[in-house]
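Protein chains: 2
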Amino acid sequence: MNIHAVLEELRPLLGDRLSTADAVREHHSKGEGYHPPARPDAVVFPTSTDEVAAIVSACARDKVPIVPYGAGSSLEGHVNALHGGITIDLSRMNTLLRVSAEDMDATVQAGVTHRQLNRHIEKLGVAFFVDPGADATLGGMASTRASGTAAVRYGTMREAVLGLRVVLPNGCVISTGGRARKSSSGYDLTHLFVGSEGTLGVITELTVRLHPLPEAVSAAVCSFATLEGAVRTVITTIQYGIPVARIELLDEVQIDAVNKYAKLDYPAMPTLFFEFHGTSERHVIEQAETAQSICTEHGGTSFQWATKPEDRARLWRARHDAYYATLALRPGSQGVTTDVCVPISRLADCVLETKRDLASSSLITTLVGHAGDGNFHLIYLVDPERPAELDEAKRLNDRMVKRAIEMGGTCSGEHGVGSGKMLFVELEHGDAVDVMRLIKRAIDPDNIMNPGKMIRV
Amino acid sequence: MNIHAVLEELRPLLGDRLSTADAVREHHSKGEGYHPPARPDAVVFPTSTDEVAAIVSACARDKVPIVPYGAGSSLEGHVNALHGGITIDLSRMNTLLRVSAEDMDATVQAGVTHRQLNRHIEKLGVAFFVDPGADATLGGMASTRASGTAAVRYGTMREAVLGLRVVLPNGCVISTGGRARKSSSGYDLTHLFVGSEGTLGVITELTVRLHPLPEAVSAAVCSFATLEGAVRTVITTIQYGIPVARIELLDEVQIDAVNKYAKLDYPAMPTLFFEFHGTSERHVIEQAETAQSICTEHGGTSFQWATKPEDRARLWRARHDAYYATLALRPGSQGVTTDVCVPISRLADCVLETKRDLASSSLITTLVGHAGDGNFHLIYLVDPERPAELDEAKRLNDRMVKRAIEMGGTCSGEHGVGSGKMLFVELEHGDAVDVMRLIKRAIDPDNIMNPGKMIRV
Numbered sequence: 097m098n099i100h101a102v103l104e105e106l107r108p109l110l111g112d113r114l115s116t117a118d119a120v121r122e123h124h125s126k127g128e129g130y131h132p133p134a135r136p137d138a139v140v141f142p143t144s145t146d147e148v149a150a151i152v153s154a155c156a157r158d159k160v161p162i163v164p165y166g167a168g169s170s171l172e173g174h175v176n177a178l179h180g181g182i183t184i185d186l187s188r189m190n191t192l193l194r195v196s197a198e199d200m201d202a203t204v205q206a207g208v209t210h211r212q213l214n215r216h217i218e219k220l221g222v223a224f225f226v227d228p229g230a231d232a233t234l235g236g237m238a239s240t241r242a243s244g245t246a247a248v249r250y251g252t253m254r255e256a257v258l259g260l261r262v263v264l265p266n267g268c269v270i271s272t273g274g275r276a277r278k279s280s281s282g283y284d285l286t287h288l289f290v291g292s293e294g295t296l297g298v299i300t301e302l303t304v305r306l307h308p309l310p311e312a313v314s315a316a317v318c319s320f321a322t323l324e325g326a327v328r329t330v331i332t333t334i335q336y337g338i339p340v341a342r343i344e345l346l347d348e349v350q351i352d353a354v355n356k357y358a359k360l361d362y363p364a365m366p367t368l369f370f371e372f373h374g375t376s377e378r379h380v381i382e383q384a385e386t387a388q389s390i391c392t393e394h395g396g397t398s399f400q401w402a403t404k405p406e407d408r409a410r411l412w413r414a415r416h417d418a419y420y421a422t423l424a425l426r427p428g429s430q431g432v433t434t435d436v437c438v439p440i441s442r443l444a445d446c447v448l449e450t451k452r453d454l455a456s457s458s459l460i461t462t463l464v465g466h467a468g469d470g471n472f473h474l475i476y477l478v479d480p481e482r483p484a485e486l487d488e489a490k491r492l493n494d495r496m497v498k499r500a501i502e503m504g505g506t507c508s509g510e511h512g513v514g515s516g517k518m519l520f521v522e523l524e525h526g527d528a529v530d531v532m533r534l535i536k537r538a539i540d541p542d543n544i545m546n547p548g549k550m551i552r553v
Numbered sequence: 097m098n099i100h101a102v103l104e105e106l107r108p109l110l111g112d113r114l115s116t117a118d119a120v121r122e123h124h125s126k127g128e129g130y131h132p133p134a135r136p137d138a139v140v141f142p143t144s145t146d147e148v149a150a151i152v153s154a155c156a157r158d159k160v161p162i163v164p165y166g167a168g169s170s171l172e173g174h175v176n177a178l179h180g181g182i183t184i185d186l187s188r189m190n191t192l193l194r195v196s197a198e199d200m201d202a203t204v205q206a207g208v209t210h211r212q213l214n215r216h217i218e219k220l221g222v223a224f225f226v227d228p229g230a231d232a233t234l235g236g237m238a239s240t241r242a243s244g245t246a247a248v249r250y251g252t253m254r255e256a257v258l259g260l261r262v263v264l265p266n267g268c269v270i271s272t273g274g275r276a277r278k279s280s281s282g283y284d285l286t287h288l289f290v291g292s293e294g295t296l297g298v299i300t301e302l303t304v305r306l307h308p309l310p311e312a313v314s315a316a317v318c319s320f321a322t323l324e325g326a327v328r329t330v331i332t333t334i335q336y337g338i339p340v341a342r343i344e345l346l347d348e349v350q351i352d353a354v355n356k357y358a359k360l361d362y363p364a365m366p367t368l369f370f371e372f373h374g375t376s377e378r379h380v381i382e383q384a385e386t387a388q389s390i391c392t393e394h395g396g397t398s399f400q401w402a403t404k405p406e407d408r409a410r411l412w413r414a415r416h417d418a419y420y421a422t423l424a425l426r427p428g429s430q431g432v433t434t435d436v437c438v439p440i441s442r443l444a445d446c447v448l449e450t451k452r453d454l455a456s457s458s459l460i461t462t463l464v465g466h467a468g469d470g471n472f473h474l475i476y477l478v479d480p481e482r483p484a485e486l487d488e489a490k491r492l493n494d495r496m497v498k499r500a501i502e503m504g505g506t507c508s509g510e511h512g513v514g515s516g517k518m519l520f521v522e523l524e525h526g527d528a529v530d531v532m533r534l535i536k537r538a539i540d541p542d543n544i545m546n547p548g549k550m551i552r553v
């Protein structure tokens, strides 16, 4: 690679939107995960698809690695520039290009974040419901097939993305998908690029699906004597087909953390947070009443409703603070976050066996889950100065991932693979990884797109 | 290619499940579309994935073309053996391998049909809601990304397929996807194979998503003074976010055909058929009342409820008979079916401009639509002995497809590309077709899988 030639070519195009400053490179050397940082040689801040195409074309000619970068909230080392090269920071491509409340879709540049999008479209009576904890960019969310608390009802980025604009590794620009709600025309390139983590091209624009703001909303919190009771409540709620909008599980350690962090007073017990969306108040009440009776059957010791917007906001703020609340349990520690997902019928087994593993570990660990999807996270708090603690967290995670895969689940529910889970992808998908490699090599023969991520080429 | 060597190799394995009989080859030379038949050299009837792998391996060695065949209900020439070779008829792979009402999923062999699956799972309180008119096999439905009347609420095969077992063009067997409800692990091969029309491999097993049978169901029919009123009712219903399970449009010609065919007496006017699913009777009534008021606003002249199962069955039988009812309007004619899909906001424009085109044509044409998805079909009745009529149907279809694409829509909502729409795929997807070609060549370098379909290699 000849990085200098590329930088000389790009400087006239980008001016001060090309940086080789130490602080900028350092900032772009890592996400929020535990993975060792790795700096790019330079960072560029394009504002249009054409600029991205020019950057990629220059890199392609000299085989310079490219790392696409959104909000930097990756937890699996996606944005660490393992082989140097150029990081393309898309955060300045943050224009909403088109919103249609009629068709319930929007087209945005890849640097638009999910909260930014929702602020703009709320007044139109529509919402975008994929809500990872960080205010991630939609491009980054598409790249990791992200989801969040409302996926149980509204789906993940897999369901939310209708079409993409992508700069290919050779600098060509293509459009995938379209605005029709369904299509049987051609290979489904949209779904191929969603979740491809920047290894096949740079997503520069997205068309996403919106949903009507619900006519009626209510929320509820319920504490449980046992974690098993809480998990079995989730399973039954899903199996009854209650169209719950959110159903989140927090274990007693996580609740304690949230209480301390936000000065709240939830009982320090395994807890479920619910949200119900309906076409009418009656419809919401029906759902909540059914959920309440399921809670009671499974040892729920309280069922507090929150119908007022401010009460609901406080409740969900507590949930969204979970990660930072956990970190505050041990100041100076690094959070190591895990992310398995299993068929809902196996969720209790997976959670309880995992908790038994934790009982013999000295690490402080919280559990929080998008339980309605069969997806849950542990956050291990490790001291960055003590490598043995990270090793212990990895050992425990390894056991949990293998358990989830044996149960028909996946090594990653929503955080992606990055550099952290490449071996798990092979364990999970077996020979299908050979097909992934064929595709990677066909589209990116020089392996310039985010090398060292997703699959071993 | 050396077809004889392949047949000699396979005969001991398959015995009388390998046929070169004229009648068998003729039966497998076409689907239900208007495309000229083309016979394979032989037809095989495997009963296991291992047998399919052996068949494909033998064909691969001698570069013999392979055509996967399900129920033969393709409308776009998918199963016509344009280059001869071996047709793999999967209809004897019709075993339900696993059903889980708890996880609402099932794993089936590719030859299981959607009605067969529903007959088996109904007693478990779950249903599979993708329902093309023909009793197609699930493998075929996955291959064409099929949908049906309930896609507006429950999605298409794109949403329904969780994972696949696929025999690759080199004879290797892979599994894609999994049973977790979401995953961020690896490239999304499941969605790549769904809709690939047998051009990348042979689907031998599928894991599909089920849904709870609704607690409450009702249906309704409403006639409209104008087609525009009917279409605008659909648009408003969708934009209100009413979770309608089915909303089907039939024009006055189609209604007349249905009346004659099934001795019914619907007013010969543009008509909507509705079905509502809910968690309770109240919830269903709420939906239906809202829909009724929308109908009234748009000139609906009646709104007849059908709450009894037998009344609903009669209503939907009328809808499902639409194709055969149309054929009966002109005995001996061939139906040429079209299939565009546009963003819902453009549906009225697309339908009305298309109807204006028809006004200047002498062909008898019916219109039926999964209007809630923005998807509608015309059926042109042409005399097979008069090529000018087929030319006329193609000319009209050409105009309609281009119109749909200009409106942000797609050349195929659910029937697929086959050999019939390859040029439209290029028009719709532009340079993205180059990426499709890269993938095709990487996975099937000798172009043995269903050659002459989907994309020009």
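Keeping their order, the protein sequence lines are chains A and B.
Start counting the first sequence at 97; every next residue gets the next number (my numbering).
Start counting the second sequence at 97; every next residue gets the next number (my numbering).
No residue lacks a Cβ here, since even glycine has one placed at the ideal position from N, Cα and C.
{"Item": "Any C-beta of chain B within less than 7 Å: which residues of the region 267-296 of chain A qualify?", "Value": "C268, I270, S271, T272, G274, R275, A276, R277, K278, S279, S280, S281, G282, Y283, D284, L285, H287, L288, V290, G291, S292"}
{"Item": "Per the DSSP calculation, A:A138 is bridged to which residue(s)?", "Value": "A:I182"}
{"Item": "For the alpha helix (DSSP H) containing B:C155, list its first residue and its last residue.", "Value": "145-158"}
{"Item": "With a threshold of 8 Å between beta-carbons, can B:V447 be considered close to chain A, or not?", "Value": "no"}
{"Item": "Going by DSSP in three states, B:E481 sits in which element: helix, strand or coil?", "Value": "coil"}
{"Item": "Hey, B:G465 and B:G396 are a contact pair by Cβ (cut 8 Å); roughly how many whole angstroms apart?", "Value": "Not confirmed; about 17 Å, so no contact."}
{"Item": "Report all residues from its chain with a CB closer than 8 Å to the CB of B:S314; omit the five preceding and five following residues, and keep chain order.", "Value": "E371, F372, V380, I381, A384, W401, A402, T403, R408"}
{"Item": "Who are the Cβ neighbours of A:T433 in its own chain at under 6 Å, not counting the five residues just before and after it?", "Value": "L171, H473, I475"}
{"Item": "Could you give the DSSP three-state label for A:E293: helix, strand or coil?", "Value": "coil"}
{"Item": "Name, going along the chain, the residues of the region 353-379 of chain A whose beta-carbon falls closer than 8 Å to a beta-carbon of chain B.", "Value": "T375, S376, R378, H379"}
{"Item": "Beta carbons nearer than 8 Å to chain A: which residues of the region 506-525 of chain B have them?", "Value": "T506, C507, S508, G509, E510, H511, G512, V513, K517, F520, V521, E524, H525"}
{"Item": "Please tell me whether B:R241 has its Cβ less than 8 Å away from any Cβ of chain A.", "Value": "yes"}
{"Item": "In terms of residues, what are the limits of the beta strand (DSSP E) holding A:D201?", "Value": "201-205"}
{"Item": "Would you call the CB atoms of A:S457 and B:V521 closer than 8 Å?", "Value": "no"}
{"Item": "So, with DSSP's three-state summary, where would you put A:H174?", "Value": "coil"}
{"Item": "Assuming B:H131 and B:G512 make a contact with CB atoms under 8 Å, what is their CB distance in whole Å?", "Value": "The Cβ separation is near 12 Å, so there is no contact."}
{"Item": "What does B:E301 pair with, by DSSP beta-bridge criteria?", "Value": "B:Q205, B:R261"}
{"Item": "List, in chain order, every chain C residue whose beta-carbon is nearer than 9 Å to that of A:P439.", "Value": "In the displayed structure, chain C is absent; the protein chains listed are A and B."}
{"Item": "Count the other C-beta atoms from every protein chain shown that fall within 10 angstroms of the C-beta of A:R275, then say buried if there are 16 or more, exposed otherwise.", "Value": "buried"}
{"Item": "Of the residues B:L459, B:S508, B:M503, which one's Cα is nearest the Cα of B:L486?", "Value": "B:L459"}
{"Item": "Within the same chain, show all residues whose beta-carbon is closer than 7 Å to that of A:F225, passing over the 5 residues directly before and after it, in chain order.", "Value": "A246, Y250, H307"}
{"Item": "Going by the beta-carbon positions, is the gap between B:A232 and B:H210 smaller than 8 Å?", "Value": "yes"}
{"Item": "Within the 8 Å Cβ cut-off, does A:D527 reach chain B?", "Value": "yes"}
{"Item": "By DSSP's criteria, A:E371 is part of a beta bridge. Which residues make up the other side?", "Value": "A:A315, A:R342"}
{"Item": "Using a 10 Å radius around the Cβ and a threshold of 16 neighbouring Cβ atoms, would you call A:S508 buried or exposed?", "Value": "buried"}
{"Item": "Report the start-end ranges of each alpha helix (DSSP H) in the region 237-284 of chain B that is 4 residues or longer and not cut off at the edges.", "Value": "247-250, 253-256"}
{"Item": "Just mark B:L519 as buried or exposed, buried being the case when its beta carbon has 16 or more other beta carbons within 10 Å.", "Value": "exposed"}
{"Item": "For B:R241 versus B:V290, is the C-beta distance shorter than 8 Å?", "Value": "yes"}
{"Item": "When you compare the CB of B:T233 with every CB in chain A, is at least one pair closer than 8 Å?", "Value": "no"}
{"Item": "Counting contacts by CB-CB distance shorter than 8 Å, is B:I475 in contact with chain A?", "Value": "no"}
{"Item": "At a cut of 8 Å, does the region 294-306 of chain B reach the region 151-171 of chain B through at least three beta carbon pairs?", "Value": "yes"}
{"Item": "Taking the continuous beta strand (DSSP E) assigned at B:Y336, which residues delimit it?", "Value": "Neither: B:Y336 is in no beta strand (DSSP E) and is coded neither H nor E."}
{"Item": "Verify whether the separation of the beta carbon atoms of B:G514 and B:H179 is less than 8 Å.", "Value": "no"}
{"Item": "Taking beta-carbon pairs under 9 Å, can you tell me which members of the region 526-546 of chain A lie near chain B?", "Value": "G526, D527, A528, V529, D530, V531, M532, L534, I535, K536, R537, A538, I539"}
{"Item": "The alpha helix (DSSP H) spanning B:L448 covers which residue range?", "Value": "443-455"}
{"Item": "Would the region 432-450 of chain B and the region 194-206 of chain A be scored as touching if the rule is three or more Cβ pairs under 8 Å?", "Value": "yes"}
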